[in-house]
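Numbering (the working numbering), first residue to last: 126 to 521.
For glycine and all other residues, C-beta sits at the position ideal for the given N, C-alpha and C.
A short worksheet on the structure shown next.
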Amino acid sequence: MSPDRAPEPTPPPRGPVRRLVDQLVGTDPDTQRRPAVPGWVADITFVVVALLDVWLVVPDEAPPYTVWLSAASCAALLLRRPLPFLALVLAVPGFFAGWAQLAVMFALGSLATRKQCHWHVWVGAALVWCCRFVLWPWSEMLALSWRMHVLDAIYGVIVAGMPVAIGLLIGARTELATRLAELAASRDRERQLHAQAVRAEERARLAREMHDGVSHDITLIAMQASALSAASADDETRRTAATIRTLSTRTLEELRTLLGVLRSDAEDGPSPDLRDLDDLVRNAGVPVRLTADDLPDTLSAQVSAAAYRTVQECLTNVRKHAPGATAHVDVTTSSEQVRVEVRNGAPCAPADSPLPSGGGYGLAGLAERARLLGGDVDTGTTPDGGFRVRAHYPVT
Numbered sequence: 126m127s128p129d130r131a132p133e134p135t136p137p138p139r140g141p142v143r144r145l146v147d148q149l150v151g152t153d154p155d156t157q158r159r160p161a162v163p164g165w166v167a168d169i170t171f172v173v174v175a176l177l178d179v180w181l182v183v184p185d186e187a188p189p190y191t192v193w194l195s196a197a198s199c200a201a202l203l204l205r206r207p208l209p210f211l212a213l214v215l216a217v218p219g220f221f222a223g224w225a226q227l228a229v230m231f232a233l234g235s236l237a238t239r240k241q242c243h244w245h246v247w248v249g250a251a252l253v254w255c256c257r258f259v260l261w262p263w264s265e266m267l268a269l270s271w272r273m274h275v276l277d278a279i280y281g282v283i284v285a286g287m288p289v290a291i292g293l294l295i296g297a298r299t300e301l302a303t304r305l306a307e308l309a310a311s312r313d314r315e316r317q318l319h320a321q322a323v324r325a326e327e328r329a330r331l332a333r334e335m336h337d338g339v340s341h342d343i344t345l346i347a348m349q350a351s352a353l354s355a356a357s358a359d360d361e362t363r364r365t366a367a368t369i370r371t372l373s374t375r376t377l378e379e380l381r382t383l384l385g386v387l388r389s390d391a392e393d394g395p396s397p398d399l400r401d402l403d404d405l406v407r408n409a410g411v412p413v414r415l416t417a418d419d420l421p422d423t424l425s426a427q428v429s430a431a432a433y434r435t436v437q438e439c440l441t442n443v444r445k446h447a448p449g450a451t452a453h454v455d456v457t458t459s460s461e462q463v464r465v466e467v468r469n470g471a472p473c474a475p476a477d478s479p480l481p482s483g484g485g486y487g488l489a490g491l492a493e494r495a496r497l498l499g500g501d502v503d504t505g506t507t508p509d510g511g512f513r514v515r516a517h518y519p520v521t
């Protein structure tokens, strides 16, 4: 059974001001969940709006070349994404000698959005201002009064300045959204580092408690067993005491290995290896038939340790619950996964001494470890009254 996960904290409700700010800078989660408008749809929309502007303002007696230049300026908007400066240069003649004012403003705004304060933007703004201030043909410009020239200069500043201002605002909004995303990612990393520090401190505390309590008791058991073996004259008692001392020493070594893992941030200490199955089977205390393939070189240490722990836990369960039964351990490997199967028959001999049941948490821990590594553990009874454990782990 996997441990319950802590519920994720609920974000505080957003007020109208916060929601408006999120929408302006592009961090509104409701807006981000909606799909963005495809680029080709936006390009066609700009072209259609620019053509509509030309069609509404062009007079009936306009020369044909001005109409064609205006249409070419509108078509140049299709290049505003890949080549914004070229799109503006191609759109300028249609504004100077034609009626494509809105097309030039669209092109200049796109250039300012992508290039921000690049010199292309200021050159483009100067061209648009000149096109608005200088009239074609020349005779009409020379016929205007100085007041009209001043008004044309002011209108030129508005026509050229408004797209630049909007483009710079959109660029600043995008940069602000990027910085906010980076800040959120930095806060997430800080929370993760804090959680890792808390876990490391908790592991160190558990390691100290286990070392002070459990290891001390196991050491006393080993010492008492050694004393009993030396003082007793009965051979059976000495063998039993020697077995107790051996198991206590092995348990103490396993405990020290676990304490080393708890004291470290990662499992960089000594860990069990699937290649040591022979020693495990030899000291299992039950008859075992082992069949194992050659392990691949790409087998990770975590997977090797998990497979070793699987066999160890299963052999312990056989010794507890099926005395006299023979355990069959099969380890098969492929290029993608490691398969471990441990099965045993029904118990056929009385237990020498009652062993603690352990609460049934061993198999649950194996299943949880396998799930974290991307594998799975399957358990069940066999037709002859025995038990079977089958585990699969990815090689990497």
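Spatial distance of residue i from residue j (CA atoms)
i, j, result
"residue 204", "residue 198", "11 Å"
"residue 495", "residue 231", "58 Å"
"residue 421", "residue 461", "10 Å"
"residue 503", "residue 463", "14 Å"
"residue 284", "residue 317", "50 Å"
"residue 180", "residue 234", "22 Å"
"residue 412", "residue 450", "7 Å"
"residue 294", "residue 271", "34 Å"
"residue 214", "residue 246", "11 Å"
"residue 513", "residue 356", "42 Å"
"residue 401", "residue 431", "13 Å"
"residue 301", "residue 277", "36 Å"
"residue 434", "residue 516", "11 Å"
"residue 273", "residue 183", "21 Å"
"residue 373", "residue 330", "23 Å"
"residue 392", "residue 323", "For residue 392, the predicted structure reports a pLDDT of 44, less than 50, and the residue's modelled location is therefore unreliable. A value from the coordinates is still provided. Roughly 17 Å separates the two Cα atoms."
"residue 427", "residue 379", "16 Å"
"residue 103", "residue 176", "Nothing can be reported for residue 103, as the shown portion of the chain is limited to 126 through 521."
"residue 148", "residue 299", "Any answer about residue 148 is weak, because its pLDDT of 49 lies below 50 and its placement is not dependable; what the coordinates show is given next. Rounded to whole angstroms, residue 148 to residue 299 spans 12 Å at the Cα level."
"residue 507", "residue 467", "11 Å"
Sequence-distant residues of its chain with Cβ nearer than 7 Å to residue i (five each side left out)
i, result
"residue 333", "none"
"residue 217", "229, 252, 256"
"residue 423", "520, 521"
"residue 157", "Because the pLDDT of residue 157 is 46, which lies under 50, any placement of that residue in the model is unreliable, and the question is left without a value."
"residue 146", "Below a pLDDT of 50, predicted positions are generally treated as unreliable, and residue 146, at 43, falls in that range; no measurement from the model is reported."
Per-residue DSSP class, three states only, for residue i
i, result
"residue 398", "coil"
"residue 205", "coil"
"residue 499", "coil"
"residue 520", "coil"
"residue 417", "strand"
"residue 299", "helix"
"residue 506", "strand"
"residue 514", "strand"
"residue 409", "coil"
Contact set for residue i: own chain, Cβ-Cβ below 6 Å, skip 5 residues either direction
i, result
"residue 367", "354"
"residue 292", "234, 237, 238"
"residue 369", "350"
"residue 258", "277, 278, 281"
"residue 209", "235, 236, 239"
"residue 129", "Here residue 129 scores only 39 on pLDDT, less than 50, and its place in the model should not be relied on; the value that follows carries that caveat. Excluding positions up to five away in sequence, the list is empty."
"residue 425", "521"
Spatial neighbours of residue i in its chain, beta-carbon cut-off 8 Å, leaving aside the 5 residues before and after
i, result
"residue 487", "438, 441, 442"
"residue 510", "470, 471"
"residue 200", "172"
"residue 499", "518, 519"
| said: Measuring CB atoms only, is the region 411-418 touching the region 443-457, in the sense that at least three cross pairs come out at less than 8 Å? | reply: Under the 8 Å Cβ criterion, the region 411-418 counts as touching the region 443-457, having at least three qualifying pairs.
| Those runs of the beta strand (DSSP E) which lie wholly inside the region 213-262 and span at least 3 residues | Listed in chain order, nothing qualifies, since the region 213-262 has no complete beta strand (DSSP E) run of 3 or more residues.
| Taking one C-beta from the region 245-255 and one from the region 207-225 each time, how about it: are there three or more such pairs within less than 8 Å? | Put simply, the region 245-255 touches the region 207-225. At least three CB pairs are less than 8 Å apart.
| request: Please go through the region 419-490 and give each complete beta strand (DSSP E) segment of 3 or more residues, from N-terminal end onward. | output: Runs found: 452-458, 462-469.
| query | Going along the chain, which unbroken runs of the alpha helix (DSSP H) with 4 or more residues stay wholly within the region 309-374? | reply | Runs of the alpha helix (DSSP H) inside the region 309-374: none found.
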